[in-house]
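Heads up: the structure comes next, in structure tokens.
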Amino acid sequence: MRKSVIITSAIATGVVLTALIATPSLAAGPRNGDAAGNATTTMAERQGAGMGSGTNSQKGAGSGMSGTKTGTCLIDVASGTVTAEQTDALAAMAAEEKLAHDLYVAFADQYDAAVFTRIASAETKHLDAVSMLLERYDIADPTIGLAAGVFSTDVTQDLYDTLLADGSVSLDAAMEAARTVEELDIADLTAAAEGVTAPDVLAVYDHLLTGSERHLVAFGG
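Sequence positions in the sequence shown follow mature numbering (1 follows the signal peptide of the UniProt record, and there is no 0) and run -27 to -1, 1 to 194.
Below you can see the structure in the form of structure tokens.
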């Protein structure tokens, strides 16, 4: 029942995990007491080279979507403008990708199922792509400096903890929890893309949506 309440309340926002980044102030930094020292892969490590300087008021294109297997680099995709709502959705997407990555890493440690390791690696690349957009549009990244399994809002933390507990019962339960994550991701991406005109944001959303659909199948969906 607890899992149902958390997921239902998230879906009710329209953009599933935008609710997980409740305010700009929450997106700007971790909660009190959040540890940063034990992360296996921090955002700073994942981002690598920073974004290049632009010629206009926005940050310019950087090193591109290397490793995303799309064949598309952000340096080749024009930026645009994003609304406040779209800014919130991008920040929420970063938290969502971190949740997926951290959950799958935890399940990979518990079960002898290569699918979790493989898709956790893909989620890292997805998070890299979203992080590049956050930097390009000067949006605070809610995942910076947070340890694995630690999140910047109580709602995100509760969702992660619930899915982790559910999935720790058995391999089948872990696969079900993973399907839940991918279904939420697909719903969120579909809603977040509505009304977006920025070519680079649309390119990343399209790539993430394709990936999530494949991940859902890999998890038995």
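Glycine included, every Cβ here is placed at the ideal spot set by N, Cα and C.
query: Option in A191, A64, T54 and Y84 with minimal Cα separation from E155; result: A191
query: Contact the stretch 109 to 120 vs the stretch 80 to 93: 3+ CB pairs below 8 Å; result: no
query: Helix, strand or coil at V88 according to DSSP, with G and I counted as helix; result: helix
query: Neighbourhood of L182 by C-beta, 6 Å cutoff - its chain only, sequence neighbours within 5 removed; result: L162
query: A151 and D114 closer than 8 Å at C-beta; result: no
query: Beta-carbon proximity of L189 to I159, cut-off 8 Å; result: yes
query: Coarse secondary structure for E167, derived from DSSP in three states; result: coil
query: Straight-line Cα distance separating Q83 from A146; result: 12 Å
query: CB-CB length for E58 against E96, believed under 8 Å; result: No, E58 and E96 are not in contact; Cβ-Cβ is about 24 Å, not under 8 Å.
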